[in-house]
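In terms of my numbering, the sequence shown is residues 1 to 239. Every residue gets a Cβ at the ideal spot worked out from N, C-alpha and C, and that includes glycine. Structure, as structure tokens:
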Amino acid sequence: MSAPVDDAPANAVGATADDRRQGPSWLLLAGVAVVVMLLVRGFLVQSFYVPSGSMEPTIEPGDRILVNKLASGDDLTRGDVVVFDGTTTFAVADRSPHQADGLVGRTLSGAASAVGIDLGEQDFVKRVVGLPGDHVVCCDADGRLTVNGKAVKEDYLYPGDKPSELTFDVTVPAGRLWVMGDHRSDSADSRAHLGDPGGGMVRVQDVVGRAVVTFWPLGRLGGLPSPAALADIPRAGQR
Numbered sequence: 001m002s003a004p005v006d007d008a009p010a011n012a013v014g015a016t017a018d019d020r021r022q023g024p025s026w027l028l029l030a031g032v033a034v035v036v037m038l039l040v041r042g043f044l045v046q047s048f049y050v051p052s053g054s055m056e057p058t059i060e061p062g063d064r065i066l067v068n069k070l071a072s073g074d075d076l077t078r079g080d081v082v083v084f085d086g087t088t089t090f091a092v093a094d095r096s097p098h099q100a101d102g103l104v105g106r107t108l109s110g111a112a113s114a115v116g117i118d119l120g121e122q123d124f125v126k127r128v129v130g131l132p133g134d135h136v137v138c139c140d141a142d143g144r145l146t147v148n149g150k151a152v153k154e155d156y157l158y159p160g161d162k163p164s165e166l167t168f169d170v171t172v173p174a175g176r177l178w179v180m181g182d183h184r185s186d187s188a189d190s191r192a193h194l195g196d197p198g199g200g201m202v203r204v205q206d207v208v209g210r211a212v213v214t215f216w217p218l219g220r221l222g223g224l225p226s227p228a229a230l231a232d233i234p235r236a237g238q239r
């Protein structure tokens with residue numbers, strides 16, 4: 001006569017095996033999710049935190065923006081808001097992101113960076129006003145900015161700001177961009193670096209990408225289109 005079989009130990013062993021099989025599966029999914037996030041962040045889009053007011057009212061201090069990293073070089077349009085690495089052209093006086101100091105600040109910065117909020121000191125956000133070959137002048141007899149001889153109605157400027165207190169007359173060389181902040185009286189942009197190597201022109205190769213949307217805070221959720229007043233101006237030599 002056979003001895004009775006106790007199913008409890010077998011069931012317990014079976015449950016443990018199932019748990020062991022499920023554990024690595026969840027870890028694998030989590031690992032894949034992290035890899036996908038890093039790939040998307042590295043090659044497609046990246047988010048940036050903007051603490052400065054140099055792009056007001058388009059971008060307010062504290063806004064988070066998403067940047068399309070596929071838009072660069074020949075894909076850029078006059079009027080685009082771009083993030084670029086200003087290491088070779090701009091000083092740190094008007095950087096857009098800033099690096100927090102102290103242990104708590106560094107910890108928060110590290111956490112933010114992990115989810116794609118780049119806090120590097122070298123990154124700037126400005127509007128493309130001049131493309132390679134463009135002739136950009138300020139100001140004409142009516143106090144307006146002109147690009148390739150056409151006056152620009154800049155409705156995106158900070159209320160009360162003039163197109164520029166500093167006069168300039170530049171032709172953008174090949175491979176470079178002339179960039180300006182929308183808050184002209186509070187933006188150290190290409191104008192502030194006219195006497196520096198490169199004449200304040202940003203290298204196209206230094207552009208991280210085009211800012212496409214403000215996603216935080218939610219009350220400011222919205223796109224960042226290129227204004228027609230700039231985008232529709234023909235390039236130099238075109239009609």
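>> With DSSP as the reference, identify every bridge partner of L177, one or two as the case may be.
In response: V202
> Going by beta carbon distance, what residues of the same chain come within less than 6 angstroms of D80, once the five residues before and after it are set aside?
Replying inline: V128, R210, S226
>> Taking the straight line between their C-alpha atoms, what separation do you get for A174 and F168?
In response: 19 angstroms
> Among the residues of its own chain, which have a CB less than 8 angstroms from the CB of P132, if the five just before and after it don't count?
Replying inline: V172, P173, A174, G175, R176, L177, V204
> How would you label D74, buried or exposed, when you count the other beta carbons within 10 angstroms and need 16 or more for buried?
Replying inline: Exposed is the label assigned to D74, since fewer than 16 other Cβ atoms lie within 10 Å of its Cβ.
> Comparing alpha-carbon positions, which option in S47, L44, P61 lies nearest D186?
Replying inline: Ranked by Cα distance from D186, the first of S47, L44, P61 is P61.
> Using a Cβ-Cβ cut-off of 7 angstroms (strictly less than) and excluding sequence neighbours within five positions of T77, which residues of its own chain qualify?
Replying inline: S226, A231
>> Quick check on DSSP: helix, strand or coil for S226?
In response: The answer is coil: DSSP assigns S226 none of H, G, I, E or B.
> What first and last residue would you give for the beta strand (DSSP E) that runs through G130?
Replying inline: 123-130
>> Taking a contact to mean a Cβ-Cβ separation below 9 angstroms, would you say K126 touches S54 in this structure?
In response: yes
> V207 and F48 look like a contact to me (Cβ under 8 angstroms); what is the Cβ gap, rounded to whole Å?
Replying inline: Contact flag wrong, Cβ pair sits at about 13 angstroms.
> Where does T167 sit, in a helix, a strand or coil, going by DSSP?
Replying inline: For T167, the secondary structure class from DSSP, reduced to helix, strand or coil, is coil.
>> Among the candidates G181, I59, L66, L70, whose CA atom is the shortest distance from the CA of L44?
In response: L70
> At a Cβ threshold of 9 angstroms, is P197 touching chain B?
Replying inline: As a matter of chain content, chain B is missing from the structure shown, which is built from one protein chain.
> With a Cβ-Cβ cutoff of 9 angstroms, do L157 and R191 count as a contact?
Replying inline: no
> Going by C-alpha distance, which of D196, R144, I65, M201 is nearest A229?
Replying inline: Nearest C-alpha to A229: R144.
>> Less than 6 angstroms between C-beta atoms, sequence neighbours within five positions excluded: which residues of the same chain meet that for G198?
In response: T89
> Using the C-alpha atoms, what's the distance from V136 back to V82?
Replying inline: 18 angstroms
> Of the residues V50, Q46, K153, I59, which one's Cα is nearest the Cα of R220?
Replying inline: I59
> Given a threshold of 16 other Cβ atoms within 10 Å of its Cβ, counted over all protein chains shown, does L224 qualify as buried or as exposed?
Replying inline: buried
>> Less than 7 angstroms between C-beta atoms, sequence neighbours within five positions excluded: which residues of the same chain meet that for D161?
In response: H183, R184, S185
>> Tell me the DSSP secondary structure of G73 in three-state form.
In response: helix
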